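Number of protein chains: 2
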Amino acid sequence: MEDLPPRKTLPRLDESLLTHLPPFSRLEKRQIRTILDQATSRRYLPGVAVFEEGHEAERFYMLLDGYVRVVRITPTGEQVTALHIPAGQLLGIAKAIGRDTYPATAMTATESIVISWPTRLWDTFVAEYDGFATETYKTLGHRVGEMNTRIVELATQQVEQRVANALLRLINQTGRKVEGGIEIDFPITRQDLSELTATTLHTVSRLLSGWEKRGLVESKRKRIKVCDPHALVVLSQG
Amino acid sequence: MEDLPPRKTLPRLDESLLTHLPPFSRLEKRQIRTILDQATSRRYLPGVAVFEEGHEAERFYMLLDGYVRVVRITPTGEQVTALHIPAGQLLGIAKAIGRDTYPATAMTATESIVISWPTRLWDTFVAEYDGFATETYKTLGHRVGEMNTRIVELATQQVEQRVANALLRLINQTGRKVEGGIEIDFPITRQDLSELTATTLHTVSRLLSGWEKRGLVESKRKRIKVCDPHALVVLSQG
DNA sequence: CCGGAAGTTTGCGCCAGAGCAAATTGCGAC
DNA sequence: GTCGCAATTTGCTCTGGCGCAAACTTCCGG
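Residue numbers (my numbering), protein chains in the order written: chain A, 2 to 239; chain B, 2 to 239.
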């Protein structure tokens, strides 16, 4: 059998893709056209690295569709997910923070569509497009806030609370209403969830089983549906 | 008895204070003079909040001397130290990342000298002083890196490794050579160290006792001297 | 339809480290 | 000095959750 066609097809690079996204929202059609003309567009399968920790930051990216997680790999080979990035955000903006290598690895969590520009254009964008820098730094600020939260969570919460929190965040960001609850609309393994919450896949599995018995969630292989978000909120508070 | 005079006196606001600091290093004397004329200078005792999480970000700050930790307080009242800031860095730069409240509390760890400006001057600085923004964002980038590291540490390391790491970082940043080792040159309690490493003061105390028996450190009340940094490095790796 | 791989569940033992409690030490105030 | 508080030490208990191992399930390719 020949290769399945990708479910997501590369969109024609159209101004409307960017006009509603923060970094470009203040720009005129013509300016956006120029920006797009300089971009490269690419589709990634899930679980693929867009760029890797330590590599030369040659390009910066914008996630048009899909979901990316920012991971770090420890000396002993464990992966830790530091951050999740939803569609519509810039990533790999090492240049914006004065670095010339990427500080972490960006890995697609779903099939994703990403456009990118060579790093040398960064300064051009900042100089020529009013509001570009400001908006970018807002995103950055948001991420700093998230990282702060994550530190506090890791430092003070129990595993059960962290996993509940992670699930809640996931359904907020990528939840899709289905009958009987909200489902995370991309495949996610117990392993993934354990890397998000700094625990083991065994513990995650046990927790989910327990919750399933209580009717809070339903899960199949790589699929999780939250039936009772409110109960999870309670759990997440301890 | 009358109050002891502060050990640190407020310096006359002098151009030389700023010329070597990154955000201002590219500026001319005259420009720095203007910047200083608009600043307010203040001395803080240890353990005092410079600004607090959630408050309106009315001012932004630069730490001229001393040491500040950025803490978050959980709903249950525990403190978690997210970051340490050494002298010479900007802090409270909520405005730079598009926020109008401070995302965390800044608490002096030592007696400190801080100058500050009203937030409305931020845009002026960025617009008028070339390199100011760039340099600021480098600092920010550095902090993001640190936070990343902290997340990974919390997620993967054991308490002993984390405490060893924290000590090493402290002596790197604020260590003072004394005979027989390097001493952290400000008072630090077991409690402080436990908030830095997300553990309890009891565990920190036990660890330090153990290390002291092995000759790696010496400690008195609120004082810690590291005698064998290399051994700590080994411990910190697991 | 079958075989293997990937993902998941579950049982069991163990231990790092938290929680609690009490004793001890050092320091500052008067 | 000596009183009192803050910081530290130390013992004991208890448990969350990790490590290991084995069985089971679902999916996919051929």
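Just so you know, even glycine gets a beta-carbon here, dropped at the ideal spot from N, CA and C.
Note that this is a predicted model, so its numbers are computed, not measured.
Neighbours of Glu-79(A) across chain B, judged by C-beta separation under 7 Å: Thr-157.
In the assembly as shown, Thr-140(A) is a buried residue. Its beta-carbon has 16 or more other beta-carbons within 10 Å. At the C-beta level, Ile-172(B) and Ile-183(B) come within 8 Å of one another. About 5 Å separates the beta carbons of Ser-195(A) and Val-205(A), which is inside the 8 Å limit, making them a contact pair. Each residue's CA atom was taken as its position, placing Gly-48(A) and Arg-70(A) some 9 Å apart. Shown here, Arg-151(B) sits in a helix according to DSSP, grouped into three states. Around the CB of Leu-46(A), fewer than 16 other CB atoms lie within 10 Å, so the residue is classed as exposed.
Shown here for Ala-50(B): same chain residues with a beta carbon closer than 6 Å to its own, the five before and five after excluded, namely Thr-106 and Met-108 in chain order. If you ignore the 5 residues before and after Val-179(A), its C-beta comes within less than 8 Å of the C-beta of Lys-226, all in its own chain and listed in chain order. Residue-level contact by beta carbon holds for Met-148(B) and chain A, with a gap shorter than 8 Å. Its Cα nearest to that of Val-164(B), the residue Val-235(B) stands out among Val-235(B), Leu-65(B) and Lys-30(B).
Just so you know, the alpha carbons of Glu-57(A) and Asp-101(A) end up roughly 6 Å apart. With a cutoff of 8 Å on beta-carbon distance, Tyr-103(A) and Gly-89(A) are scored as not near each other. Judged by pairs of C-beta atoms under 8 Å, the segment 146 to 155 of chain B touches the segment 144 to 158 of chain A, as three or more such pairs exist. Interface annotation for the segment 60 to 92 of chain A against chain B: Arg-73, Thr-75, Pro-76, Thr-77, Glu-79, Val-81 and Ala-83, criterion Cβ-Cβ distance under 8 Å.
Secondary structure of Ile-36(A) (DSSP, three-state): helix. Per the coordinates, the alpha-carbon of Glu-53(B) lies some 15 Å from the alpha-carbon of Glu-79(B). Taken in chain order, the complete beta strand (DSSP E) segments of 3 or more residues contained in the segment 59 to 97 of chain A are 60 to 66, 68 to 74 and 80 to 87. Within the segment 174 to 234 of chain A, the complete alpha helix (DSSP H) segments of 4 residues or longer fall at 191 to 198 and 202 to 214, listed in chain order. If you check the CB distance, Tyr-68(B) and Ala-110(B) come in under 8 Å. Here the alpha carbon of Arg-44(B) sits roughly 4 Å from the alpha carbon of Ile-114(B). In the DSSP assignment, the residues bridged to Val-115(B) are Arg-43(B) and Leu-64(B).
Residues of the segment 22 to 38 of chain A with a Cβ closer than 7 Å to any Cβ of chain B: none. The residue from Ala-40(B), Val-72(B) and Thr-77(B) with its alpha-carbon nearest to that of Met-63(B) is Ala-40(B). Boundaries for Thr-10(B): no beta strand (DSSP E) harbours it, and the DSSP string shows neither H nor E there. Think of a sphere of 8 Å around the beta carbon of Leu-217(B): no beta carbon from chain A falls inside it, the nearest being about 22 Å out.
With a contact defined as Cβ atoms closer than 8 Å, Ala-95(A) and Ala-156(B) miss out at about 22 Å.
For Ala-110(A), the secondary structure class from DSSP, reduced to helix, strand or coil, is coil. Comparing alpha carbon positions, the residue from Val-127(A), Val-160(A), Ile-86(A) and Gly-132(A) closest to His-143(A) is Ile-86(A). With contacts defined as CB atoms closer than 8 Å, Ser-26(B) and Thr-35(B) fail to qualify as a contacting pair. Leu-11(A) and Leu-65(A) have their C-alpha atoms spaced approximately 10 Å apart.
The C-alpha of Lys-30(B) is placed about 50 Å away from the C-alpha of Gln-158(A). Of all residues in the segment 98 to 125 of chain A, only Ile-98, Gly-99, Arg-100, Pro-104 and Ala-105 come within less than 9 Å of chain B when Cβ atoms are compared, listed by chain position.
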